[in-house]
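Here the structure comes first, spelled out in structure tokens, and everything after it is commentary.
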Amino acid sequence: GDSVTQMEGPVTLSEEAFLTINCTYTATGYPSLFWYVQYPGEGLQLLLKATKADDKGSNKGFEATYRKETTSFHLEKGSVQVSDSAVYFCALNYGGSQGNLIFGKGTKLSVKP
Amino acid sequence: DTGVSQNPRHKITKRGQNVTFRCDPISEHNRLYWYRQTLGQGPEFLTYFQNEAQLEKSRLLSDRFSAERPKGSFSTLEIQRTEQGDSAMYLCASSAGGAGGNTIYFGEGSWLTVV
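Quick mapping for you: the protein sequence lines, in order, are chains A and B. For the first sequence, counting from 1, position 72 maps to 97 in this note's numbering; every step adds exactly one. For the second sequence, counting from 1, position 85 maps to 88 in this note's numbering; every step adds exactly one.
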């Protein structure tokens, strides 16, 4: 079945460091890909998305490119801030009658001043 | 702009009791989803509705769980005879249609603790 695999956390970085969180997927079709962020005590917020191969999603300095050849959707940010500390989830869905999201286990990011 | 609203936000109940959670989706969103999230894990899909029709249910949704969306607007998730393993955050989400890439918006979740 379809699945999403994320790098194990937690990830601890100093402020202004470069961030990469790896995400790979297994899919039988051509899904849309998403990154969601969850701040402590809150629900999930959509961070960015890409709907087809080679699309790049971006938001708040975060970027991820849909790579069909490597089945990956790695999240990157050039300079992290303390306020980026959260749990990041990679996810996929197909829409139609299969509109539900399939999530990875999440990667916790802690950014130190 | 009103997002997805869930209540109660926190519920502590004794094992064996019934609990009900309510979700009010973003207006005009015809799809509504329920997910469950345990500590250290990603959300897991439970069920979803298109308007008032429940179109899919996960195997995670045991007979003790029932979800309704009677008028195609708000939804309720009821857990009967709660067990300690039901302790989790229950997330509701909504979207406008189901085409791939339509954004699914989440509420802040309802925490359930079964003691």
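Backbone N, C-alpha and C fix where the C-beta goes; we use that ideal spot for every residue, glycine too. This one's a predicted model, so the numbers in the text were calculated from it and none came from an experiment.
Please check if any C-beta of chain B sits within less than 8 Å of the C-beta of residue i.
i: residue 71 of chain A; result: yes
i: residue 74 of chain A; result: yes
i: residue 47 of chain A; result: no
i: residue 126 of chain A; result: yes
Let me make sure I understand the geometry here. Which of the options has the alpha-carbon closest to that of residue i?
i: residue 21 of chain B; options: B/108, B/11 and B/84; result: B/84
i: residue 30 of chain B; options: B/76, B/93 and B/13; result: B/76
i: residue 114 of chain B; options: B/40, B/19, B/8 and B/5; result: B/40
i: residue 68 of chain B; options: B/8, B/74 and B/79; result: B/79
i: residue 11 of chain B; options: B/18, B/24 and B/19; result: B/24
i: residue 133 of chain A; options: A/95, A/62 and A/71; result: A/62
i: residue 173 of chain A; options: B/52, B/110 and B/51; result: The question about residue 173 of chain A has no answer, for chain A in this structure spans 26 to 138.
Does residue i get closer than 8 Å to chain A when you measure Cβ to Cβ?
i: residue 68 of chain B; result: no
i: residue 15 of chain B; result: no
i: residue 106 of chain B; result: yes
i: residue 63 of chain B; result: no
i: residue 51 of chain B; result: yes
i: residue 120 of chain B; result: Because chain B in this structure spans residues 4 to 118, residue 120 of chain B falls outside the shown range and cannot be described.
i: residue 77 of chain B; result: no
i: residue 2 of chain B; result: The structure shown does not extend to residue 2 of chain B, since chain B is modelled only from 4 through 118, so no value can be given for it.
i: residue 86 of chain B; result: no
Could you name the residues of the same chain whose beta carbon sits closer than 6 Å to that of residue i, not counting the 5 residues immediately before and after it, in chain order?
i: residue 126 of chain A; result: 116 and 118
i: residue 102 of chain A; result: 44, 86 and 87
i: residue 28 of chain B; result: 7, 35 and 97
i: residue 37 of chain A; result: 135
i: residue 112 of chain A; result: 63, 131 and 133
Where DSSP assigns a beta bridge to residue i, which residues make up the other side?
i: residue 29 of chain A; result: A/50
i: residue 96 of chain B; result: B/36 and B/109
i: residue 14 of chain B; result: B/115
i: residue 91 of chain B; result: B/115
Under 7 Å Cβ to Cβ from residue i, same chain only, skipping five residues before and after it: list those, please.
i: residue 99 of chain B; result: 31, 32, 33 and 105
i: residue 29 of chain A; result: 48, 50, 115, 116, 117, 127, 128 and 129
i: residue 91 of chain A; result: 58, 75, 77, 78, 79, 80 and 98
i: residue 54 of chain A; result: 119
i: residue 42 of chain A; result: 105
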